[in-house]
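Engineer: Quick one: structure below, then a few questions.
Protein chains in written order, with the numbering used here: chain A, 23 to 376; chain B, 7 to 354.
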C-alpha cells in the first residue's frame, strides 16, 4: 500500500519508516510470474502468426516444434519472426530490469536508462562504430555500447558525486538531459560528418525487425548473466531502496552493491541499445507498475519487471505492425507515446522542489 | 569620485554601477575582438586593417564580396540569435524561478524542429528553401504550440505553475516530439535528411541578409520589451506570494513574459536550427558577472549570448574539416558540461 510513497520519498523520510511498512505481495508476484508467462507465450504465438504472410497458429506450433526446412512458412517463422520476437522479449527484459535496478538503488522514481542518458551514450558508441570502424562485428558493436553507456553513467553520477547535497530525482533527470544533449551532440557531429546518420536511424528504428539469430546468440549470455546477477543482488537493492543509512546499519556494503548494480545496468542497457537502438520509458513505466502490483521487495520486482517488460515490448511490437500494416511503425515511438504521458503524470505528482 | 562621500551605501552602489559598466565595456571589447577574428576566419584571410578598410568601402571587390555577402550576414545572425536565445533563457529562468530553464530543455526547440521536419517532408523541393520565409513562421507555430502544451501540462489549479513541473513537462514533451520525429526521419530522402539533421543540430543555415531582416523585427520588439519588464521579473523572483503581495498580477505577467521568451527563442531557432544551452549558460555567466537584478542582467546576458554563439560559430568555421560541424553542436559540447557543473554546484 505504501509502496508509491516509499519509492517516491527521499532519504530523510526513511528514518521513521520501519521495514514492516514495506509490504510485499508474494501472491500477486507469483500470479504475475505464472500468468505473465502464459500471456507472454500467447503474445509470442500471436505475433508469430501475424504478418505479411498470415500463418495459422497450428502451423506456428509445427514450425517451432516440428521444423521442416522445405516449407516456406516454416522458414519465415524460424528465420524472420522468431528471432525478432525473441529479440523483443530480450530488450523488454533488459530495459525493464535496468530501470528497476536504477530506481531501487537510487530511490529515484524517474530513473530510466533513456532519461539518464545511458541510451544516448550507447548510441554515441554505435555512431562511432558505424563511422570509424564500419566493418565491426556485432560483438564489437555491443561491447562498444557498454562502454558508451558507462560514459554516460560516469558523467551523470560524477555530477551527483561532486555535488555537495547529492542529486534529487528531478536534478538527476536534468543531469540526464544534459548528458543526453552532450552525447547526442557528439554522436550527431560524427554521423553528420561521416554521413552515417540515416543508416543509424534505420538501424535504430528497424532494429527489432532486423534481429538475427547470430545477434541473439551474442547478446543472450550477457543478458542472462546480468539477469541472474540482478536476482542475486535483489535483496541488497531492496535494502538500498530503504535508504543508504538503513542499508548500512543492516550490514550492507552499499558501495559494492552500487558498483555491481551499475555494471549490471550498463550491460543490460548497452546490450538492448546495440540490438534495437534507444527505446526510452520502458525502464520508467514497468518498474512503477510492478511496484504497484507486487510491493517493494526487489526479489519480486526484478523478475516481475522482466516479464512485464517483455510483455510490453511484444504487444507494442504487435501493435506497431498492425497500426499501419503492411508498413511498420517503430516500436520505440509507440512506447514513447505511452511513456510520455506516464512520465508527465509522475512529474505532476513530483512535489519536491529542485 | 570624491563627491560620493555621503554614506557607505551610496558608495557601494556607486561601485557596483562602475563595476557593471566595466563588465559591459569589457564584453563589448571582447565582442569586437571576436568579430575581428571571426571576419578573418576562412579560406581567404582579411587582416584587421583590410577588414577595417573593407567595412568602410575601401576594399577590393573580392574582399567586399567575401565580407558583405558571405561572412558578415552569418556573423550578424550569430550575434542576433545569441542575444535572442540568451535573453529568452534569462526570461524563462526568471519566470520559472529556476536556474535550469532553457528553451532547449523546455521543449521549445523540439516543437520548432517538428514543424520544420513536417514541412520538409511534405514539400521536399529543397531548391526553393533559401527563398522561404515560411520556415521561421512554421517554427514559431511549432514552438508556440509546444510552449502552450507544456504550460497547460504544468499548470495545476490552485497551485499555478511549479518550476519543477515546468521543467519535467518540458523534458517529457521534448521526448514525445523527438519520438514523433523518428517516424518522419525514415520517410525522408537522403538530401532532405541531411538538411533536417543539420537544421536540428543547429547549423546557422539562413546566412544571408534576408534572414537578418526576418529576424531583426522580432528582436527589435521583444528585447526592449524584456528590458521594460525587468522590474516585473525582479519581483517575480521573490516568489509568488511576495509578488502578488506587492500587487503584481502574476499569471498575466508570467504569460506575457513567457510569450516574449517563446517569440525570441523560436524566431532565433528558425534561422539557426536547434541551438541549445545558450539560453542556459549565458544567463548564468551574466548573473555571476553583474548579479541578479534584471536590468543589468538582461543587457549583460544578451552580450554574453552573442559572444558565445559568435565564438562557437567561428570555431565551427575554423576547424580543419572537410565538412562543417553545425554550430549548435559546438555550443552543446561547451554548454552541457557547464550545465552539469552548475547542477553539481546548485543546492539540492
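Ideal Cβ placement from N, Cα and C applies to all residues, glycine included.
Looking at the structure shown, is residue 69 of chain A part of a helix, part of a strand, or coil, going by DSSP?
Structural biologist: Position 47 of the first chain holds residue 69 of chain A. Here residue 69 of chain A sits in helix by DSSP.
Engineer: Only counting the same chain, and skipping five residues up and downstream in sequence, which positions put a Cβ closer than 8 Å to that of residue 323 of chain B?
Structural biologist: Locating residue 323 of chain B in the second chain gives position 317, counting from the first residue. Around residue 323 of chain B: 44, 47, 48, 330.
Engineer: Who are the near neighbours of residue 212 of chain A in its chain, counting only those whose CB is closer than 7 Å to its CB and skipping five residues on each side?
Structural biologist: If you number the first chain from 1, residue 212 of chain A lands on position 190. Around residue 212 of chain A, the same chain offers 149, 150, 153 as residues with beta carbons nearer than 7 Å, after the five sequence neighbours per side are excluded.
Engineer: Provide the residue(s) that pair with residue 317 of chain A in DSSP beta bridges, ordered along the chain.
Structural biologist: Translated into positions along the first chain, residue 317 of chain A becomes position 295. Note: residue 317 of chain A sits in a beta bridge opposite A:46.
Engineer: Should residue 68 of chain A be counted as a contact of the ligand ADP given a C-beta to heavy atom distance under 7 Å?
Structural biologist: This structure lacks the ligand ADP, and indeed carries no ligand of any kind.
Engineer: Hey, how far is the Cα of residue 10 of chain B from the Cα of residue 203 of chain B?
Structural biologist: Here residue 10 of chain B is taken as the residue at index 4 of the second chain, counted from 1. Here residue 203 of chain B is taken as the residue at index 197 of the second chain, counted from 1. Because the pLDDT of residue 10 of chain B is 49, which lies under 50, any placement of that residue in the model is unreliable, and the number read from its coordinates should be weighed accordingly. Here the C-alpha atom of residue 10 of chain B lies approximately 58 Å from the C-alpha atom of residue 203 of chain B.
Engineer: To which residues of the same chain is residue 90 of chain A closer than 6 Å at the C-beta, ignoring the five residues directly before and after it?
Structural biologist: As a first step, residue 90 of chain A must be located in the first chain, where it is residue number 68. Taken in chain order, the residues that qualify are 96.
Engineer: Please go through the segment 202-234 of chain B and give each complete alpha helix (DSSP H) segment of 4 or more residues, from N-terminal end onward.
Structural biologist: 215-234
Engineer: Which residues, taken in chain order from the segment 206-220 of chain A, show a beta carbon closer than 7 Å to some beta carbon of chain B?
Structural biologist: 207, 208, 210, 211, 214, 215, 219, 220
Engineer: Looking only at its own chain, which residues have a Cβ that is under 8 Å from the Cβ of residue 57 of chain B, when we skip the five neighbours before and after it?
Structural biologist: The sequence position of residue 57 of chain B within the second chain is 51, counting from 1. Hits under 8 Å: 42, 45, 46, 73.
Engineer: Would you check if there are 3 or more beta carbon pairs closer than 8 Å linking the segment 203-210 of chain A to the segment 268-281 of chain B?
Structural biologist: no
Engineer: Starting from the C-beta of residue 123 of chain A, find all residues in its chain whose C-beta is less than 7 Å away, skip the five residues before and the five after it, and write them out in chain order.
Structural biologist: Locating residue 123 of chain A in the first chain gives position 101, counting from the first residue. Only 252, 259, 283, 286, 287 meet the Cβ criterion.
Engineer: Taking the alpha-carbon positions, what's the residue 69 of chain A to residue 63 of chain A distance?
Structural biologist: Locating residue 69 of chain A in the first chain gives position 47, where the first residue counts as 1. Locating residue 63 of chain A in the first chain gives position 41, where the first residue counts as 1. Straight-line Cα distance between these residues: approximately 10 Å.
Engineer: With a cut-off of 8 Å on the beta carbons, I'd call residue 348 of chain B and residue 88 of chain B a contact; round off their distance for me.
Structural biologist: Walking along the second chain from the start, residue 348 of chain B turns up at place 342. Walking along the second chain from the start, residue 88 of chain B turns up at place 82. In fact, because the Cβ distance is near 19 Å, the residues do not count as touching under 8 Å.
Engineer: Under 8 Å, Cβ to Cβ, is there at least one residue of chain B near residue 232 of chain A?
Structural biologist: Numbered from its first residue, the first chain carries residue 232 of chain A at position 210. Cβ-Cβ to chain B under 8 Å: no for residue 232 of chain A.
Engineer: Quick one: is residue 320 of chain B near chain D, going by C-beta distance under 8 Å?
Structural biologist: Among the protein chains of the structure shown, namely A and B, there is no chain D.
Engineer: Shortest alpha-carbon distance to residue 291 of chain A belongs to which of A:215, A:106, A:143?
Structural biologist: On the first chain, residue 291 of chain A is found 269 positions in, with the first residue counted as 1. Nearest C-alpha to residue 291 of chain A: A:143.
Engineer: Note down, in chain order, each residue of its chain lying with its Cβ closer than 6 Å to the Cβ of residue 267 of chain B, except the 5 sequence neighbours on either side.
Structural biologist: Residue 267 of chain B sits at position 261 when you count from the first residue of the second chain. Hits under 6 Å: 94, 97, 98.
Engineer: Applying the 10 Å Cβ sphere with the 16-neighbour rule, what's the burial state of residue 116 of chain B?
Structural biologist: Residue mapping note: residue 116 of chain B aligns to position 110 of the second chain, counting from 1. Counting Cβ neighbours within 10 Å, residue 116 of chain B comes out buried, since at least 16 surround it.
Engineer: DSSP three-state call for residue 88 of chain A: helix, strand or coil?
Structural biologist: For the purposes of this step, residue 88 of chain A is taken as the residue at position 66 of the first chain. Reduced to three states, the DSSP call for residue 88 of chain A is coil.
Engineer: In whole angstroms, what separates the C-alpha of residue 187 of chain B from that of residue 123 of chain B?
Structural biologist: Translated into the one-based positions of the second chain, residue 187 of chain B becomes position 181. Translated into the one-based positions of the second chain, residue 123 of chain B becomes position 117. Straight-line Cα distance between these residues: approximately 7 Å.
Engineer: If we ignore side chains and look at the alpha-carbon of each, how far apart do residue 55 of chain B and residue 82 of chain B end up?
Structural biologist: Position 49 of the second chain, counted from the start, is the residue given in the question as residue 55 of chain B. Position 76 of the second chain, counted from the start, is the residue given in the question as residue 82 of chain B. Approximately 20 Å, taken between the alpha carbons.
Engineer: Nearest to residue 76 of chain B by CA position, among B:50, B:101, B:63, is which residue?
Structural biologist: The residue labelled residue 76 of chain B in the question sits at position 70 within the second chain. Ranking the options by Cα distance to residue 76 of chain B, first place goes to B:50.
Engineer: With a cut-off of 8 Å, does the C-beta of residue 192 of chain A fall near any C-beta of chain B?
Structural biologist: Position 170 of the first chain holds residue 192 of chain A. It does; some Cβ of chain B falls within 8 Å.
Engineer: What is the residue span of the alpha helix (DSSP H) that residue 262 of chain B lies within?
Structural biologist: Here residue 262 of chain B corresponds to residue number 256 of the second chain, with the count starting at 1. Here the alpha helix (DSSP H) through residue 262 of chain B covers 256-278.
Engineer: I need the straight-line Cα distance from residue 359 of chain B to residue 131 of chain A, nearest angstrom please.
Structural biologist: Nothing can be reported for residue 359 of chain B, as the shown portion of chain B is limited to 7 through 354.
Engineer: So which of B:160, B:195, B:289 has the shortest CA-CA distance to residue 178 of chain B?
Structural biologist: As a position in the second chain, residue 178 of chain B is number 172, starting the count at 1. Selected option, being the one with the closest Cα: B:160.
Engineer: Counting only C-beta atoms, is residue 351 of chain A closer than 8 Å to chain B at any point?
Structural biologist: Indexing the first chain from 1 puts residue 351 of chain A at position 329. Closer than 8 Å to some Cβ of chain B, the Cβ of residue 351 of chain A qualifies, so yes.
Engineer: For residue 172 of chain A, which residues from the same chain have a beta carbon less than 6 Å from its beta carbon, with the 5 sequence-adjacent residues on both sides left out?
Structural biologist: Start at 1 with the first residue of the first chain, and residue 172 of chain A comes out as number 150. Closer than 6 Å at the Cβ level, and outside the excluded window around residue 172 of chain A, lie 288.
Engineer: By how many angstroms is the C-alpha of residue 309 of chain B removed from the C-alpha of residue 34 of chain B?
Structural biologist: Counted from its first residue, the second chain places residue 34 of chain B at position 28. Counted from its first residue, the second chain places residue 309 of chain B at position 303. Answer to the nearest angstrom: the Cα atoms are 7 Å apart.
Engineer: What number of angstroms, rounded off, separates the C-alpha of residue 272 of chain B from the C-alpha of residue 300 of chain A?
Structural biologist: For the purposes of this step, residue 272 of chain B is taken as the residue at position 266 of the second chain. For the purposes of this step, residue 300 of chain A is taken as the residue at position 278 of the first chain. Going from the Cα of residue 272 of chain B to the Cα of residue 300 of chain A covers about 28 Å.
Engineer: State yes or no: is the beta carbon of residue 329 of chain B nearer than 8 Å to at least one beta carbon in chain A?
Structural biologist: Counting from 1 along the second chain, the entry for residue 329 of chain B is found at position 323. Closer than 8 Å to some Cβ of chain A, the Cβ of residue 329 of chain B qualifies, so yes.
Engineer: Nearest CA to the CA of residue 308 of chain A: which residue from A:83, A:236, A:114?
Structural biologist: Start at 1 with the first residue of the first chain, and residue 308 of chain A comes out as number 286. Among A:83, A:236, A:114, the Cα nearest to that of residue 308 of chain A belongs to A:114.
Engineer: Please report the distance separating the alpha-carbon of residue 156 of chain A from that of residue 191 of chain B.
Structural biologist: Taking the first residue of the first chain as position 1, residue 156 of chain A is located at position 134. Taking the first residue of the second chain as position 1, residue 191 of chain B is located at position 185. Cα to Cα, residue 156 of chain A sits roughly 22 Å from residue 191 of chain B.
Engineer: Quick one: is residue 137 of chain B buried, meaning 16 or more other Cβ sit within 10 Å of its Cβ, or exposed?
Structural biologist: Within the second chain, numbered from 1, the residue matching residue 137 of chain B stands at position 131. Summary for residue 137 of chain B: the model assigns pLDDT 46, below 50, so the residue's position carries little reliability, and this model does not support an answer.
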